[in-house]
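Each remark here refers to the structure printed beneath this line.
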Amino acid sequence: MFAPINRALDARLKGIKNEEKGFTLIELLVVVIIIGILAAIAIPVYLGIQNNAKNAAIQSDLTNAKTAVIAYYTANPAATVAPTLDTTTLGSFGYAPTTGDSLAYGTAPTTSGTAFCINGTGPSGTDAYSVTASGGVSKSAC
């Protein structure tokens, strides 16, 4: 009664010993766990790098806006209205903001363009930066 089952099991055991090699369930689980640990380490690092890149983009936009506003007043010394922070007005002076970044005047330029402050936030809206006519980019609003 058990002879056919025993013969089948013996044949299977011989096949495994001689020809068939494979991974056990434990080995596969260990590999999956290792991949999970690596992903748990890599994902937060990637997100941090992404946030740093977004912050660098808004800082670059603020520096470019400052340069463009000063260039605008140099080219238009008689201007009495502050230029709008867009590519229509300042595009010819090299200003091209990153998509998703928002810039606005904290203090609008005077008629000479020597005193102003521009605020900027990135797409996430969490970090605020500003730049003044006489200074560099700082991590605070005007």
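The sequence shown begins at -18 in this note's numbering and counts up by one.
The beta carbon of each residue, even a glycine, is placed where N, CA and C say it ideally should be.
Beta-carbon separation of residue 96 and residue 102 under 8 Å? No, Cβ-Cβ distance for residue 96 and residue 102 is not below 8 Å.
Inter-residue CB distance, residue 52 and residue 74 (contact presumed, cutoff 8 Å): About 4 Å separates the two Cβ atoms, so the contact holds.
Pick from 123, 38 and 77 that is closest to residue 105, judged by C-alpha positions: Nearest to residue 105 by alpha-carbon distance, out of 123, 38 and 77, is 38.
Give me the Cα-Cα distance between residue 68 and residue 20, rounded to the nearest whole angstrom. Taking the Cα positions, residue 68 is about 41 Å away from residue 20.
Hey, out of 64, 72, 46 and 55, whose CA is closest to residue 83's CA? If we check each option's Cα against that of residue 83, 46 comes out closest.
Straight-line gap, residue 25 to residue 62 (C-alpha atoms, nearest Å): Roughly 46 Å between the two C-alpha positions.
Less than 6 Å between C-beta atoms, sequence neighbours within five positions excluded: which residues of the same chain meet that for residue 113? Cβ neighbours of residue 113 beyond the five flanking positions: 98.
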